[in-house]
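As structure tokens, the structure follows; a few thoughts come after it.
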Amino acid sequence: MAKVRSKAKTERRKFISPFKNYWNKTNYLIFYLGIFLLLLGFYLMSIGPWDNPLSLSYSPIILLVAYLIIFPLAILFRNKNKVSDVSS
Numbered sequence: 002m003a004k005v006r007s008k009a010k011t012e013r014r015k016f017i018s019p020f021k022n023y024w025n026k027t028n029y030l031i032f033y034l035g036i037f038l039l040l041l042g043f044y045l046m047s048i049g050p051w052d053n054p055l056s057l058s059y060s061p062i063i064l065l066v067a068y069l070i071i072f073p074l075a076i077l078f079r080n081k082n083k084v085s086d087v088s089s
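Final position of the sequence shown in this note's numbering is 89; the numbers increase by one with none missing.
See below:
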């Protein structure tokens, strides 16, 4: 006759998602600032005649600042005052 194995009671583990929301209020504010700058840049580009200095010089500068500085800053910004969980 075969031995009957008794199953040990196992505690149910709480599912921990590998995806964590790393963005906080500051990241969203910077992101919304970038969206505002995009809208402002495209609006300035659309007004006036084709040779308007506002649409030829200021608008591309505003768009470059939004795309190259503000959006990466919104994605990569972290608060320094939080204690890191990783110990060296």
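We treat Cβ as the ideally placed atom computed from N, Cα and C, and that holds for glycine.
Taking the CA atoms as reference points, I76 sits about 58 Å from K4.
Rounded to whole angstroms, the gap between the alpha carbons of I31 and F72 is 8 Å. DSSP places L38 inside the alpha helix (DSSP H), whose first and last residues are 26 to 47.
Taking L74 as reference, the option from S18, P61, Y33 with the minimal CA-CA separation is Y33.
For A67, the secondary structure class from DSSP, reduced to helix, strand or coil, is helix. Taking all protein chains shown into account, A67 has 16 or more neighbouring C-beta atoms within 10 Å of its C-beta and is therefore buried.
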